[in-house]
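Beneath this line is the structure, given in structure tokens, with notes to follow.
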Amino acid sequence: ELVQRLRKEVGQPELLDAIQDTVSGDATAEPPPWYDEREIKETLDARSMIDSGEQPIGIVLGDLDRLEDGQIYELITPFEPAPLIDKAKAKGMSVWVNPRKSEEFHTYFLCK
């Protein structure tokens, strides 16, 4: 609520409106053909880490390196993790961002 108020005061759209304008363009409500919930090998809810000032990128990259082909990793964050998405794509992974709420993004990484 505070974030929404601050965004409004500085002339930025509400986060739900801004979801369509994501940095990577990977945020959609519709899953891609490769998404299969049964293939999620691991989930990391990094919201509390991020809220306390920690950067989970090292943990996530290590987890992604351990995935086998066809396995999916789920990351939950309060925003779209654009730099991490770019790194995963550079490794040849497919990425889907599913915005659930204004401050809850589920990002799925498929190892290929």
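With the numbering used here as the guide, the letters of the sequence shown map in order to residues 1488 to 1599. We treat Cβ as the ideally placed atom computed from N, Cα and C, and that holds for glycine.
Alpha-carbon spacing of residue i relative to residue j, whole angstroms
i	j	result
threonine 1564	isoleucine 1546	14 Å
threonine 1515	leucine 1562	15 Å
isoleucine 1572	glycine 1579	11 Å
leucine 1597	valine 1497	37 Å
isoleucine 1527	threonine 1594	11 Å
leucine 1531	lysine 1599	20 Å
tryptophan 1521	aspartate 1538	31 Å
aspartate 1504	alanine 1569	Note that aspartate 1504 scores a pLDDT of 46, beneath 50, so its modelled location is shaky; the value from the coordinates is reported in the next line. In a straight line, the C-alpha of aspartate 1504 is about 17 Å away from that of alanine 1569.
aspartate 1508	lysine 1588	Note that aspartate 1508 has pLDDT 41, beneath the 50 cutoff, so the model's placement of it is unreliable and the number below is only indicative. Looking at the two C-alpha atoms, the distance is approximately 15 Å.
Whole-angstrom C-beta distance between residue j and residue i, which should lie under 8 Å
i	j	result
serine 1581	proline 1519	7 Å
leucine 1551	alanine 1575	6 Å
Span of the beta strand (DSSP E) around residue i
i	result
lysine 1588	1581-1588
lysine 1576	Looking at the DSSP string, lysine 1576 is not in any beta strand (DSSP E); the run it does join, the alpha helix (DSSP H), is 1569-1577.
leucine 1532	Inspection of the sequence shows that residue 1532 is occupied by aspartate rather than by leucine. Note, aspartate 1532: beta strand (DSSP E), 1527-1532.
Local Cβ density within 10 Å of residue i, reported as buried at 16 or more and exposed below that
i	result
tryptophan 1583	buried
glutamate 1567	buried
isoleucine 1586	Correcting the residue identity first, residue 1586 is proline in this sequence and not isoleucine. By the 10 Å Cβ count, proline 1586 comes out buried.
alanine 1577	exposed
Element boundaries [alpha helix (DSSP H), containing residue i]
i	result
leucine 1562	That residue, leucine 1562, is in no alpha helix (DSSP H); its beta strand (DSSP E) goes 1559-1564.
leucine 1548	1544-1552
Beta-carbon proximity of residue i to residue j, cut-off 8 Å
i	j	result
tyrosine 1560	glutamate 1591	no
CB contact below 8 Å: residue i versus chain C
i	result
valine 1547	No chain C is part of this structure, which consists of one protein chain only.
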